[in-house]
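Using full-length UniProt numbering, read the sequence shown as starting at 1 and increasing by one per residue.
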Amino acid sequence: SLLGEISGNMKRKINGEIPDLKFQLSCVVSFNREVEKDLNNFG
Numbered sequence: 001s002l003l004g005e006i007s008g009n010m011k012r013k014i015n016g017e018i019p020d021l022k023f024q025l026s027c028v029v030s031f032n033r034e035v036e037k038d039l040n041n042f043g
């Protein structure tokens, strides 16, 4: 799930495993993927 992915990323970020920029990009990318899935379902 999207929320699970984001919270997992946040935990890793807090632990210093991933840098800010990469973290932000991964959130945006996974969010966009979810939105595309939703749009495809409506289409």
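We treat Cβ as the ideally placed atom computed from N, Cα and C, and that holds for glycine.
Every value quoted in this text rests on a predicted model; they were computed, and no experiment measured them.
- Within the same chain, and ignoring the five residues on either side of C27 in sequence, the residues whose Cβ sits closer than 7 Å to its Cβ are I6, N9.
- In the DSSP assignment, G16 falls outside any alpha helix (DSSP H), carrying neither H nor E.
- Here the C-alpha atom of D20 lies approximately 7 Å from the C-alpha atom of K13.
- In the structure shown, S7 falls within a helical segment according to DSSP collapsed to helix, strand and coil.
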